[in-house]
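In what follows, a single structure is set out as C-alpha cells and then discussed.
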Amino acid sequence: MTESEALDVVAVRVIESADQDRSVWSDADRAWASHEAAAAVGEAAEPGVFLAHRARLAMGRLNSRMAALGKGVHALAWKPWLGIVIVLAAFLVGLLADRVGSAQRINVLAPPVLLLLVWNLLVYLFLLTGPLWRGAAGHAIDPLRSLVAHLGAGWHGTRKAARDTSVATWVAKVAAEWAGLTANLYALRAARMLHLAAAALAVGIIAGLYLRGLAFEYRASWESTFLEPGAVHTLLASVLAPGAWLGGIPIPGPERIAAMRAPGSENAGTWLHLMALTLIALVVLPRLLLAAIAGWRERRQAHRLPLQLEQPYFRRLLRGFHVEPHPVQVVPYAFQPSEAAVAHLETLLTRLVGGAASIQVAPPAAYGDDDDRSLQDLAGAPGPLVLVFNLAATPERETHGAFAQAAKAMATAARPLLVVVDETSFKARTRDEPQRLGQRRDAWRALLQPAGIEPAFVDLAAPDAATVDAAMDAALLVPKR
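Here it is in C-alpha cells:
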C-alpha cells in the first residue's frame, strides 16, 4: 500500500467510524464501495489491495459530494517539492555567502568554515547521545526536524482547503489520525532532508570559495589577541587534519604560519584546498551517509505504516471482502421477532459483514429444541450463523444453553457465530425498573460465558448505532479452525 493509498484508507476510516448516524456516508454507500472493490481486485487479492481500492472508490464518491473534503485530505499529503527547495536553498546560501574574508583576505581562524565544522560536530554529538536525551525527556528533542516534518506534511494547507465548516471537523480528525500514523515516517523524512541540506550548504560554500578564487586572488592571513603561531599551527593541524589526509596535502609549518600573521599573508590556494577537503571529509561525506541511512529507514517505514488490520474496523471491512452478497443465517429461539426488529437486525448484520449481505431468517426454533434439529437444517449453509434469544425469557442451561452449545460446535472460521439477545419486550415490561435489566443481562452472561460465548444485548426495536455495532463486532465468535 502506497503512502497516498494509506492516506485515503485513514480518511475513509475516520469518516466511517465517526459518522454514526450515516448522514454523510450511508450503509448503502459502504456496501457499494466494498462490493465494487472486491469485484475489481478479485477475492484472491491481498487485504491491503482491497482496502486501498475501496478507499479510492469511497473518496471519489465523497469528493463528488463534498469537494472541500478531498482538498483538505489532499493537503495532508507530504509535499515532495519541499525537500528540493530546502536542499537548493541551502546550496545557494553557501554559494552566495557574501564573503569568506574582508578585502580578499581569508582569516584562517574565522568563520564561516570553522563555525560550520563546529556546528556539524555538535550535530553528530547530539545524534550519538540522542537516546539519552529521548530517555530523559520521554520524546525526541529536535525542533528543526519537527518544523520540517510539519511543513512537509502540509498541516498549514488544511485550513485553506477545509474552510467549509461542514467538512472542517472531518479534515481535523483525519489530520490527527494521519499525524499519529506517520509521525515516525515524517521524522525520518525530515532527517534525510536536513542531512542533504547540510551537505548542500557545505558544497555551496566550497563552490563559492573556488568560483571567487578564479576571479580574485585571495590572500591567507590570521590575527589573534591571545594565540601565538605555535598554538595556531596546533589548532589548524587538528581542525584541518581530515582534509590534509584526504587530499594528501601537508599542513604548513609553524614558520610559514608565523609569516602569515597580519599584516603578513600568502596565496590562499593551499588553505582553500585544505578547507574544502575538510568540509568534504567532516560534513559532506558524513551527511550523505546519514541521509542514505535515514532514506533506507524511511523506505522501510513507508512500507510498514502501522494500519493495524486487526482493529475491529478493518476486521469488519475484510469480512465484506467478497464479490457476491454474503449469506447470513438467522435463527430466533422460541420467539418470533417483529418485522421492525428483523429489519433493524438485517441492517446491523449488513454492517457487521462489511458489505452486501443476504440475510436469511429461519423459522423460530421450538422451545426445548436441544437436540439441534433446527441447526442441522443449516449445517451446510455458508456464512455467519446468528442466534437470537429473547431477554424476557429466563435463561435455562438445559434449553437455551444447550442450543447455544450446539451452535458453537458448528462454528468455524468460515462460519462464525453471533449470539444476539433482544431486549425489546423486556425493556417494555420493566421500563420503571432499570435495575432488572442489568440483573437479567448478568443472568444471560452467566449462562453463555462458560461456553466461551459473549452475547450482544440489543434493543432491536430501537438499536443504538453508536454502541450496537461495537457490541456485535466484539461478540462475533470466529474459531481459528
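For what it's worth, the working numbering labels the leading residue of the sequence shown as 2, then goes sequentially. Using N, Cα and C, we set each Cβ at its ideal position, and we do this for glycine too.
How many angstroms separate the CA atom of residue i from the CA atom of residue j?
i, j, result
"LEU477", "TRP33", "23 angstroms"
"ARG432", "GLY439", "12 angstroms"
"VAL422", "ALA68", "42 angstroms"
"GLU399", "GLN406", "10 angstroms"
"VAL114", "ARG213", "15 angstroms"
"PHE66", "SER18", "Here residue 66 is Arg; the residue named in the question, Phe, does not match the sequence. Cα-Cα distance, rounded: 19 angstroms."
"VAL479", "ALA90", "57 angstroms"
"GLY43", "LEU77", "30 angstroms"
"VAL233", "LEU241", "12 angstroms"
"ARG190", "SER375", "60 angstroms"
"GLN330", "GLN302", "42 angstroms"
"ALA138", "TYR314", "Here the model assigns ALA138 a pLDDT of 45, short of 50, so the residue's position is not dependable, and the following value carries that caveat. Answer to the nearest angstrom: the Cα atoms are 34 angstroms apart."
"ARG416", "ALA472", "19 angstroms"
"LEU419", "VAL15", "26 angstroms"
"GLN312", "TRP26", "20 angstroms"
"MET411", "ALA382", "11 angstroms"
"ALA180", "ALA259", "58 angstroms"
"LEU273", "PHE92", "18 angstroms"
"LEU275", "PRO264", "22 angstroms"
"ALA466", "GLU299", "40 angstroms"
"SER266", "LEU97", "25 angstroms"
"LEU123", "THR130", "11 angstroms"
"ASP470", "VAL172", "24 angstroms"
"ALA393", "PRO456", "15 angstroms"
"SER239", "THR3", "48 angstroms"
"LEU430", "GLN309", "One point to set straight first is that residue 430 is Arg, not Leu, in the sequence displayed. Cα to Cα, ARG430 sits roughly 43 angstroms from GLN309."
"HIS401", "THR170", "46 angstroms"
"PRO243", "LEU210", "18 angstroms"
"VAL88", "ARG23", "46 angstroms"
"PHE458", "GLN436", "15 angstroms"
"ILE360", "TRP297", "49 angstroms"
"LEU110", "LEU133", "33 angstroms"
"ALA452", "ALA444", "14 angstroms"
Could you tell me which of the options sits nearest to residue i, measuring between CA atoms?
i, options, result
"GLY73", "LEU83, MET60 and VAL324", "MET60"
"ALA293", "ALA7, HIS196, ILE16 and ASN121", "HIS196"
"ALA200", "LEU283, ALA98 and ARG23", "LEU283"
"ARG1", "GLU455, ALA415 and ILE85", "Look at the range of the chain in this structure, 2 to 482, and you will see that residue 1 is not part of it."
"THR235", "GLY254, TRP246, PHE217 and ALA221", "GLY254"
"GLU37", "LEU52, TRP179, VAL25 and TRP82", "LEU52"
"TRP79", "ASP28, ALA7, PHE322 and LEU247", "ALA7"
"ALA403", "THR413, ASP30 and LEU388", "LEU388"
"ALA177", "ALA12, ARG430, LEU418 and ALA471", "ALA12"
"GLY249", "LEU278, LEU273, VAL233 and ALA260", "LEU278"
"LYS428", "ASP460, PRO338, MET411 and VAL88", "ASP460"
"LEU182", "PRO464, HIS401 and PRO307", "PRO307"
"PRO464", "ASP9, ARG442, GLU4 and GLN21", "GLN21"
"SER222", "PRO251, LEU202 and ARG262", "ARG262"
"LYS174", "THR413, LEU70 and GLU455", "LEU70"
"ARG320", "ASP474, PRO338, ARG57 and GLN105", "ASP474"
"ASN121", "HIS54, LEU58 and VAL285", "VAL285"
"PRO338", "ASN391, THR351 and ALA452", "ASN391"
"ASN185", "GLY95, HIS304, LEU133 and ILE252", "HIS304"
"THR395", "GLN436, ARG442, ALA198 and ALA111", "ARG442"
"HIS54", "ILE360, PRO243, THR271 and PHE322", "PHE322"
"GLY369", "LEU386, ALA358, GLN361 and GLU397", "GLU397"
"THR413", "ILE360, PRO435, LEU83 and LEU386", "LEU386"
"ALA198", "THR468, LEU110 and LEU83", "LEU83"
"ILE332", "LEU215, HIS75, LEU117 and ALA408", "The amino acid occupying residue 332 in the given sequence is Val; Ile does not appear at that position. Answer by Cα proximity: ALA408."
Give me the DSSP bridge partner(s) of residue i.
i, result
"ARG220", "ARG106 and ASN268"
"LEU418", "LEU386 and LEU478"
"ILE360", "VAL329"
"PHE458", "VAL422"
"ARG262", "TRP223"
"ALA341", "Note: ALA341 sits in no beta bridge, so no partner."
"TYR334", "ALA366"
Is it the case that the Cβ atoms of residue i and residue j are separated by a distance below 8 angstroms?
i, j, result
"PRO287", "TYR125", "yes"
"ALA335", "THR425", "no"
"HIS345", "GLY384", "no"
"ARG317", "LEU349", "no"
"ILE281", "LEU247", "yes"
"VAL324", "ALA39", "yes"
"ILE107", "ALA269", "yes"
"ASP9", "ARG62", "no"
"LEU202", "VAL119", "no"
Please confirm whether any heavy atom of the ligand PLP lies closer than 7 angstroms to the CB of residue i.
i, result
"LEU392", "For the ligand PLP, the structure offers nothing, since it holds no ligand at all."
- Query: Counting pairs of beta carbons, one from the region 38-55 and one from the region 206-217, are three or more of them closer than 8 angstroms?
  - Reply: no
- Query: Is it true that the region 275-292 meets the region 217-226, where meeting means three or more beta-carbon pairs spaced less than 8 angstroms apart?
  - Reply: no
- Any contact of the region 356-368 with the region 443-454, i.e. 3+ C-beta pairs under 8 angstroms? no
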